[in-house]
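K.L.:
Numbering (the working numbering), first residue to last: 471 to 620.
#1: Could you pull out every residue in the same chain whose Cβ sits closer than 8 Å to the Cβ of residue 606, ignoring the five residues on either side in sequence?
#2: Which of the three DSSP states is assigned to residue 602 in this structure?
#3: Drop a sphere of 10 angstroms on the beta-carbon of residue 550, count the other beta-carbons inside from all chains shown, and report buried for 16 or more, exposed for fewer.
#4: Whole angstroms are fine: how far does the CA of residue 609 sit from the CA of residue 506?
#5: Which residues does DSSP list as the beta-bridge partners of residue 619?
#6: Should residue 493 be labelled buried (16 or more other beta-carbon atoms within 10 Å of its own) or exposed?
#7: Expressed to the nearest angstrom, what Euclidean distance is found between the alpha-carbon atoms of residue 617 and residue 600?
#8: For residue 544, which residues in the same chain have their Cβ closer than 7 Å to its Cβ, ignoring the five residues on either side in sequence?
The structure is reproduced here in structure tokens:
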């Protein structure tokens with residue numbers, strides 16, 4: 471009986487170690503990322519069992535008379551959301567980690583310029599380069615944005 475208890479304990483500890491490693495691997499995407507064009511900074515964070523990214527700095531549409539804090543989501547298809555601020559807006563949501571492919575899949579990305587959502591996936595190239603692909607139906611036909619950890 472004691473031997474059985476020890477074996478069960480070993481199996482449970484091993485299983486816990488695998489889960490901890492997978493969560494740790496999945497969380498590598500978290501942090502602040504700046505686009506290669508240096509015109510956008512997002513912060514990726516865990517949300518429930520998925521990952522999201524919120525916009526924390528951008529330069530598109532920004533002028534001296536119109537700072538980023540004042541820009542609203544005017545292209546949103548929902549008129550009730552057109553007055554919400556773009557700064558702090560979740561622009562990526564629903565990414566889930568796939569440990570087999572070491573990628574984040576099944577999310578969606580919001581394109582503020584058009585007010586449209588696209589499917590999204592992300593991969594890390596090393597620890598400091600994040601590639602986020604937005605696509606419609608077919609991943610091969612999408613657009614990839616590259617970000618660098620800051």
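Heads up, the beta-carbon is just placed ideally off N, CA and C, and yes, glycines get one too.
P.N.:
Based on what the coordinates show:
#1: 588, 589, 612
#2: strand
#3: exposed
#4: 21 Å
#5: 503
#6: exposed
#7: 5 Å
#8: 552
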